[in-house]
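Peer 1: If you scroll down you'll find the structure; I have some questions about it.
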Amino acid sequence: MTRIAILIGQLVLLIAGEVRASSALAAEDVIAFAVVSEVPKDRTRVSAKLAVEGSVTDMKLLASDHILSNLAWKQLELCHALKLEGDKTSEGFRVHTVRAIDSAMLPMVLQGFAGDCLLKRALEVAPFVD
28 MTRIAILIGQ
38 LVLLIAGEVR
48 ASSALAAEDV
58 IAFAVVSEVP
68 KDRTRVSAKL
78 AVEGSVTDMK
88 LLASDHILSN
98 LAWKQLELCH
108 ALKLEGDKTS
118 EGFRVHTVRA
128 IDSAMLPMVL
138 QGFAGDCLLK
148 RALEVAPFVD
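Numbering (my numbering), first residue to last: 28 to 157.
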């Protein structure tokens, strides 16, 4: 009888450890890189090309009040390159931290898009320079 109780106790401890480990993994933030793909109208939902673990997708960057007060987020414009930490959700990418970076620091899968975006933007501004 005591052997069964010990075995059940060990099983409960093992299951509790697995639950704790899986919840800790789920709480980790995902590191992603993004290039703003459209002029931001609503700062809480910004369209961007997002690279997570080598794959690029079009997603909405979802900002909380904490992120909205960030200086990098306040000055966000078309073609800006960002390093983000957050969670992927069905609505988009929920941003927990944001840093503005140089586009040369982007992963290779995003550098082509960032370069094209900057060239288009420069050509739009060029006729006004005289």
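Positions of the beta carbon are idealized from the N, C-alpha and C atoms, including for glycine.
Restricting to Cα atoms, I'd like to know which of Met132, Gly139, Leu105 is closest to valine 66.
Peer 2: On the sequence shown, residue 66 is found 39 positions in, with the first residue counted as 1. Here the closest residue by C-alpha is Leu105.
Peer 1: Rounded to the nearest angstrom, how far is the Cβ of leucine 146 from that of phenylalanine 60, given a contact under 8 Å?
Peer 2: One-based indexing of the sequence shown puts residue 146 at position 119. One-based indexing of the sequence shown puts residue 60 at position 33. With a Cβ gap of about 19 Å, leucine 146 and phenylalanine 60 do not count as contacting.
Peer 1: Answer yes or no: do leucine 14 and threonine 84 have a C-beta to C-beta separation smaller than 8 Å?
Peer 2: Residue coverage of the chain in this structure runs from 28 to 157, which leaves residue 14 outside it and unanswerable.
Peer 1: Go through the segment 92-157 residue by residue and report every complete run of the alpha helix (DSSP H) that reaches 4 residues or more, in order.
Peer 2: If we require 4 residues or more, the alpha helix (DSSP H) runs fully inside the segment 92-157 come out as 92-95, 98-101, 135-152.
Peer 1: CB-CB under 8 Å to arginine 30, same chain, minus the five flanking residues each way: which ones, in chain order?
Peer 2: Taking the sequence shown and counting its residues from 1, one reaches residue 30 at position 3. So the list is empty, once near-sequence residues are dropped.
Peer 1: Can you pull the DSSP bridge partners for serine 64?
Peer 2: By one-based count along the sequence shown, residue 64 stands at place 37. Partner(s): none; serine 64 has no beta bridge.
Peer 1: Taking leucine 111 and valine 125 to be in contact with their CB atoms under 8 Å, please state how far apart those CB atoms are, rounded to whole angstroms.
Peer 2: Against the sequence shown, residue 111 aligns to sequence position 84. Against the sequence shown, residue 125 aligns to sequence position 98. So it is a contact: roughly 5 Å between Cβ atoms.
Peer 1: Do you know how far the Cα of threonine 71 is from the Cα of glycine 119?
Peer 2: Position 92 of the sequence shown, counted from the first residue, corresponds to residue 119. Position 44 of the sequence shown, counted from the first residue, corresponds to residue 71. About 11 Å.
Peer 1: Tell me whether leucine 98 is buried or exposed, calling it buried when 16 or more other Cβ atoms sit within 10 Å of its Cβ.
Peer 2: On the sequence shown, residue 98 is found 71 positions in, with the first residue counted as 1. Leucine 98 should be labelled exposed.
Peer 1: Less than 8 Å between C-beta atoms, sequence neighbours within five positions excluded: which residues of the same chain meet that for glycine 81?
Peer 2: Mapped onto the sequence shown, residue 81 falls at position 54. Hits under 8 Å: Pro134, Val136.
Peer 1: For isoleucine 128, which residues of its own chain have a beta-carbon under 6 Å away from its beta-carbon, when the five flanking residues on both sides are left out?
Peer 2: By 1-based counting over the sequence shown, the position of residue 128 is 101. Hits under 6 Å: Ala108, Lys110.
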